[in-house]
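These notes are about the structure you will find just below.
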Amino acid sequence: MGNLDLTFFDWSVIGPFVWKGLIFSLWLTVVATIGGVILGTALALMRLSGKKWLEVPAAAYVNTMRSIPLVMVLLWFFLLIPFAIGRPIGAEMSAVVTFIAFEAAYFSEIVRAGIQSIPRGQIFAGQALGMTYGQNMKLVILPQAFRNMLPVFLTQTIILFQDTSLVYAIGAYDMLKGFETAGKNLGRPVEAYLLAAVVYFFMCYALSWIVKRIQQKVQIIR
Amino acid sequence: MKKQIVLAAMTAFVAGGAIAQSAVDKAKSSGSITMGVRESSGALSYTLGDGKFAGFHVEVCQRILAEVEKQVGKKLEVKYQPVTSQNRIPLLQNGTVDIECGSTTNNATRQKDVAFLNTTYVEEVRIATKANSGITNIAQLNGKNVATTTGTTSVQHLRKHERATGMDFKEVFGKDHADSFLMLETGRADAFVMDGSILAGNIALAKNPAEFRIVGEVLNVEPIAIMVRKDDAALKKIGNDTIAAMVKSGDMAKLWDKWFMQPIPPKNTKVGLALSESTKNAWANPNDKPMEDYAKK
Amino acid sequence: MAWDWQLFCKETATGEIIAGCFGKGGDQTYLNWILSAWGWTLTVALAALVVALLMGLIMGTLRTLPNSPWLVRLGTAWTELFRNIPLLVQIFLWYFVVPAIFPALNDVPSVILVILALGFFTSARVSEQVRSGIQALPRGQRYAGMAVGFTTPQTYRYVLLPMALRIVIPPLTSESMNIIKNSSVAFAVSIAELTMFARQAGEETSAPVQMYLAVTVLYAISAFTVNRIMRVIEQKTQVPGFVAAGGMGAGH
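Chains as they are written, first to last, in the numbering used here: chain A, 1 to 222; chain B, 1001 to 1297; chain C, 2001 to 2252.
Structural data, given as structure tokens:
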């Protein structure tokens, strides 16, 4: 490996720098997924409600978010949140709010496609049984839709985890930042990037392997 | 309807200055105060990892906050918020941080938005290069790759220098100082133009510090100071009094020695930056003059 | 402070307001700068898109080959490698780590490295789409190709790919939009594109809101234009009467 010094790869030395960032990256991923799915489902239901005054704002929100880079959204929210709520907010909290708002747009598209993937006959069947809209959603459509969506959902979560590396733009301390700081302060910056890549790869690879297993399990066979 | 909300938010932003309260009063009521710090601004302000920060300006600020504690008469929780050169001013203005202890140049533009304590450190913009590069002055950088950091005054400074002399640098920009230095280290850049202390600090942390050298003329002199909110007269007074007392007692010179001459954590390396005449001058004649006033001399 | 859009007419070194807003003879206004930044964003994104489509098509196709386990593994390894590392980290790999192992790469301009990094990253997503597009075709199509005596390349060239590529156009629309947005990480290695402009000019002018707003609008226009172009392509290439299973995709 030519000019690289791999003795740097010693967890007891770099652990203290990386650990805190790793926890934050994972925590941000989990919170943003849960928040994003809830908000995203609400947005999807608004867009499918058939009522213009719900559809239009939801569509505008989703399309705006989907056409701006995450880095820009992070910068925007960091600048504007304190003025919207009237008190200061740390980089980490700002990142959480941004990720929820940003990911909701993507999750809403997944939910919408999932609901639309349910054959119309199922909805009619529900109606024929005298179910209300809410009952129909809850008992017939959403359970199937979520099953269809699950793999894409989890894939999106892996992407979300990768995107946590972008929070450096507002100075939050994530896993990549942990590696960078360790590399800088221990005089091994190049090796730190390589190690970061290896760790990210194995984490994401393991996750996507799990996704594949789940996909085979939950598939609805028609 | 969405547009209106955005517009309202904008107006709120533009109206700005919604936080008129002094950080001292805020600390009294909330029991906490937030210090803006840098991840890697040489020995002025840097992280030890694990949420700990240290450096010359960080320690000066700790003394100031100890004084604030005395005045409000209760123990304060000091929070550390890492900032970057892009967000430090907005964050100070919006109240996320109360006092910024990094490496901010005091200039006339910034004085419109924030207030500076009396200058504690006078920075000289220099050139760092590989010791074996043969580069000894800025004229030799014509046509070379010159690294600097996005969002700093050095970017504009290089541009002005190019305009004035008709030289052509191939500028490469790092997302932070550590990255800019890495560009020099890996040969992507032939020189790194930045504040002397940042250069010295990065060299000290390098794999092989002897490989690098700070060369050439002083490109610019910049007063570096601790920042507080523009309307925060109370904190500014405590800060300036503390600084004056530290200079008088000789503590300031001791701090300089501790951070710039002695081995510092985490690797116990020395920065090796002797106290410059211009910094001594600033301590002897306390002032918050912006960079533009230095240039006139 | 009023909405001071004259900011964009300022010369970037001297700070003078230039009449007409476009600098002449070496002068550069913030307006000149943001337009050139937009140019860089589009250049990087479009060049990376070409790389992504090419590599994605090759690797995605390899993964569906019937009797070549090593080619399948190559395609899979490529896809897994490039989609499981964050783009930002991949860019640093190309910029700092790979040249440390192969010093010759130090002389490659950073824009080429960014295009390759962004292109390979996206190619992994494209490869997934191409693979599932081919696999979504009824098995009979492949057998039909074999039955008329086609070789494997011929089956792909004349039967499978023409259908599969049309199926994957909708997911590729969102990948094309993603690549414009993802080009925003290029500034981390010194490409003077829109996000870098937002950060540097926001700092220099002390007016981040105006700078961010202008940059955001340019991103939105770019993404919208790509979306429209792809929509036209989609309509032009639709296979009448053939509706593939609805494509759901994750991405940014």
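In this text, a Cβ means the ideal position worked out from N, Cα and C, and glycines have one as well.
The model shown is predicted, which means the values in this text are computed figures rather than measured ones.
Terminal residues of the beta strand (DSSP E) in which residue i lies
| i | result |
| --- | --- |
| threonine 1047 of chain B | 1045-1049 |
| lysine 1160 of chain B | First-last for lysine 1160 of chain B: 1153-1165, but that is the alpha helix (DSSP H), not the beta strand (DSSP E). |
| isoleucine 2221 of chain C | Taken as a continuous stretch (DSSP letters only), isoleucine 2221 of chain C belongs to no beta strand (DSSP E), being part of the alpha helix (DSSP H) at 2208-2237. |
| leucine 1219 of chain B | 1212-1229 |
| isoleucine 1099 of chain B | 1099-1105 |
| methionine 2059 of chain C | Per DSSP, methionine 2059 of chain C belongs to no beta strand (DSSP E); it is in the alpha helix (DSSP H), 2030-2062. |
| aspartate 2027 of chain C | That residue, aspartate 2027 of chain C, is in no beta strand (DSSP E); it is neither H nor E in DSSP. |
Start and end residues, alpha helix (DSSP H) containing residue i
| i | result |
| --- | --- |
| isoleucine 1033 of chain B | Taken as a continuous stretch (DSSP letters only), isoleucine 1033 of chain B belongs to no alpha helix (DSSP H), being part of the beta strand (DSSP E) at 1032-1037. |
| arginine 66 of chain A | 52-66 |
| arginine 1126 of chain B | Taken as a continuous stretch (DSSP letters only), arginine 1126 of chain B belongs to no alpha helix (DSSP H), being part of the beta strand (DSSP E) at 1121-1130. |
| proline 2069 of chain C | 2069-2083 |
| aspartate 1241 of chain B | 1233-1249 |
| methionine 2178 of chain C | The question names methionine, but residue 2178 of chain C in the sequence shown is asparagine. Where asparagine 2178 of chain C is concerned, the enclosing alpha helix (DSSP H) stretches over 2169-2182. |
| aspartate 1179 of chain B | 1177-1185 |
| phenylalanine 99 of chain A | 91-116 |
Option in the options with minimal Cα separation from residue i
| i | options | result |
| --- | --- | --- |
| phenylalanine 161 of chain A | A/Phe24, A/Lys20 and A/Phe9 | A/Phe24 |
| serine 12 of chain A | A/Ala182, A/Leu194, A/Arg213 and A/Ala172 | A/Ala182 |
| valine 62 of chain A | A/Ile81, A/Thr41, A/Ser117 and A/Leu74 | A/Thr41 |
| valine 1228 of chain B | B/Gly1031, B/Asn1106 and B/Glu1039 | B/Asn1106 |
| alanine 2013 of chain C | B/Arg1038, B/Ile1264, B/His1161 and B/Asn1287 | B/His1161 |
| leucine 207 of chain A | A/Ala84, A/Ile159, A/Glu180 and A/Ala197 | A/Ile159 |
| tyrosine 1300 of chain B | B/Val1097, B/Thr1119 and B/Leu1092 | The structure shown does not extend to residue 1300 of chain B, since chain B is modelled only from 1001 to 1297, so the question has no answer here. |
| phenylalanine 2082 of chain C | A/Val218, A/Cys204 and A/Tyr106 | A/Cys204 |
| valine 1215 of chain B | B/Val1072, B/Glu1067, B/Ala1139 and B/Ser1032 | B/Ala1139 |
| arginine 213 of chain A | A/Gln156, A/Pro151 and A/Val199 | A/Pro151 |
| glutamine 1071 of chain B | B/Leu1255, B/Leu1235, B/Leu1158 and B/Asp1179 | B/Leu1235 |
| isoleucine 2112 of chain C | C/Phe2121, C/Trp2094, C/Ser2123 and C/Gln2129 | C/Trp2094 |
Interface flag, residue i vs chain C, CB-CB below 8 Å
| i | result |
| --- | --- |
| leucine 1305 of chain B | The first residue shown for chain B is 1001 and the last is 1297, placing residue 1305 of chain B beyond what the model contains. |
| tryptophan 27 of chain A | no |
| proline 69 of chain A | yes |
| phenylalanine 1013 of chain B | Caution is warranted here: a pLDDT of 46 is assigned to phenylalanine 1013 of chain B, below 50, making its placement in the model unreliable, and the coordinate value is therefore given only provisionally. Yes, because at least one Cβ of chain C sits closer than 8 Å to the Cβ of phenylalanine 1013 of chain B. |
| glycine 1095 of chain B | no |
| valine 190 of chain A | yes |
| threonine 1150 of chain B | yes |
| valine 1155 of chain B | yes |
| serine 208 of chain A | yes |
Proximity below 8 Å, CB of residue i to CB of residue j
| i | j | result |
| --- | --- | --- |
| phenylalanine 17 of chain A | glycine 1201 of chain B | no |
| leucine 43 of chain A | alanine 91 of chain A | no |
| glycine 1291 of chain B | proline 1223 of chain B | Residue identity check: residue 1291 of chain B is methionine in the sequence provided, not glycine. Yes, the pair counts as a contact, with Cβ atoms nearer than the cut-off. |
| threonine 1279 of chain B | tyrosine 1046 of chain B | no |
| glycine 1102 of chain B | glutamine 2200 of chain C | no |
| lysine 1130 of chain B | glutamate 1217 of chain B | no |
| threonine 98 of chain A | valine 73 of chain A | yes |
| valine 31 of chain A | valine 71 of chain A | no |
| glycine 2056 of chain C | serine 2127 of chain C | yes |
| leucine 1273 of chain B | serine 1197 of chain B | yes |
| serine 2183 of chain C | valine 2051 of chain C | no |
| phenylalanine 1192 of chain B | alanine 1244 of chain B | no |
CB contact below 8 Å: residue i versus chain B
| i | result |
| --- | --- |
| isoleucine 85 of chain A | no |
| proline 2208 of chain C | yes |
| glycine 90 of chain A | yes |
| lysine 20 of chain A | yes |
| leucine 79 of chain A | yes |
| valine 13 of chain A | no |
| methionine 2211 of chain C | no |
| alanine 2013 of chain C | yes |
| threonine 181 of chain A | yes |
| methionine 2177 of chain C | no |
beta-carbon residue i near the ligand SAH non-hydrogen atom, thresh 7 Å
| i | result |
| --- | --- |
| valine 2097 of chain C | As presented, the structure is devoid of all ligands, the ligand SAH included, so that no description of it is given. |
8 Å Cβ cutoff, residue i in contact with chain A
| i | result |
| --- | --- |
| alanine 1235 of chain B | Residue 1235 of chain B is actually leucine in this sequence, not alanine. Cβ-Cβ to chain A under 8 Å: no for leucine 1235 of chain B. |
| asparagine 2067 of chain C | no |
| valine 2130 of chain C | no |
| glutamate 952 of chain B | The structure shown does not extend to residue 952 of chain B, since chain B is modelled only from 1001 through 1297, so no value can be given for it. |
| leucine 1205 of chain B | yes |
- Item | Meets three-Cβ-pair contact criterion under 8 Å: the stretch 2139-2155 of chain C and the stretch 2115-2122 of chain C | Contact fails: fewer than three Cβ-Cβ distances are below 8 Å.
- Task: Spell out a yes or no on whether the stretch 2182-2200 of chain C and the stretch 1167-1179 of chain B are touching, meaning 3 or more CB-CB pairs, one atom from each, closer than 8 Å.
- Result: yes
- Message: Across the stretch 2167-2178 of chain C and the stretch 2078-2086 of chain C, are there enough close Cβ pairs to call them in contact, namely three or more that are closer than 8 Å?
- Response: no
- When the Cβ atoms of the stretch 2081-2093 of chain C are set against those of the stretch 156-171 of chain A, are three or more pairs found closer than 8 Å? Contact between the stretch 2081-2093 of chain C and the stretch 156-171 of chain A is present: 3 or more CB-CB pairs across the two stretches fall below 8 Å.
- Query: If we count Cβ pairs, one from each stretch, closer than 8 Å, do we get three or more for the stretch 2157-2167 of chain C versus the stretch 2224-2243 of chain C?
  - Reply: yes
- the stretch 1253-1269 of chain B / the stretch 1071-1091 of chain B touching (three or more Cβ pairs under 8 Å): no
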